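Our numbering applies: residue 10 is where the sequence shown begins, and numbers increase by one.
One structure is given below, encoded as structure tokens.
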Amino acid sequence: MILYSDEYTKRFEFEGKWLDSIGYLYEKWTVERENISLFLKLSFNIWYTLTLDGCELSLKKREYDILTQMLCDCLEHFKESFAACEDCQWIFGYMMEVRTDLFLGSKLEYNTIEKIGKALIEKASDKGNIFAQLLFSRDNCSKENIERKRKKVKESISKYFDNSQETDQYFIEILTMEAV
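Following this line, the structure appears as structure tokens:
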């Protein structure tokens, strides 16, 4: 699995306790700094929680500010420690491209963040990562090429994402849904 999972993350996600989930993951990650799966789960849960703000959650300003700072800190850790990891590349690329605004605390300009996100996806795609190839193809390839890549993703997605976790379900949906 790409994203870390255990009984606590499943329970927190099921109960919609996103801040508790992030706190738990952060504490666990302080002990296991080299655990890429745990790092990606923490980073994505922060991004996902910020994305839910206003739709399903009502974060206080302080909570929002802390989470955006944590997300930017995760971006720095990615660049320092996991820059060569394909899964980190495409997941951070995706987050930066889709919600560029959440990374403005990194002191980069909006367009720069978006370009970096696209470049990270392209880099992972060039390395052969099937998820990055699909994301890259959406902006750069024919519909037929996109559908071939989506079919390949659908055939193997269950090896990489756990359908019992809401955050994993997000990726399953995003990576397998037909283009609109």
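C-beta atoms are modelled at their ideal positions from N, C-alpha and C, and glycine is treated no differently.
What you are looking at is a predicted structure, and each value in this text was computed from that prediction instead of being measured.
- With a threshold of 16 other beta carbon atoms within 10 Å, A92 falls short and is exposed.
- Rounded to whole angstroms, the Cβ separation of L34 and K50 is 6 Å, and the two are in contact under 8 Å.
- Taking a contact to require three or more Cβ pairs closer than 8 Å, the segment 174–189 and the segment 116–134 do not qualify as touching.
- Here DSSP, grouped into helix, strand and coil, assigns L51 to helix.
- Secondary structure of D148 (DSSP, three-state): helix.
- For a cut-off of 8 Å, the C-beta gap from I11 to F170 is around 7 Å, short enough to register as a contact.
- L61 carries a helical assignment under DSSP once its states are collapsed to helix, strand and coil.
- Shortest Cα-Cα distance from L84 to any of E72, W99, R71, E22 involves W99.
- Taking a C-beta distance under 7 Å as the contact criterion, V107 and I139 do not qualify as a contact pair.
- Per the coordinates, the alpha-carbon of L111 lies some 10 Å from the alpha-carbon of Y73.
- Beyond the five residues adjoining it in sequence on each side, E187 comes within less than 8 Å, by CB distance, of R159 in the same chain, given in chain order.
- CA-CA distance, E123 to Y17, rounds to 33 Å.
- A128 and G102 have their alpha carbons spaced roughly 7 Å apart.
- A check of alpha carbon separations from S30 across Y119, T109, N54, I183 identifies N54 as the nearest.
- Secondary structure of L76 (DSSP, three-state): helix.
- In this structure, the CA atom of E43 is about 33 Å from the CA atom of C64.
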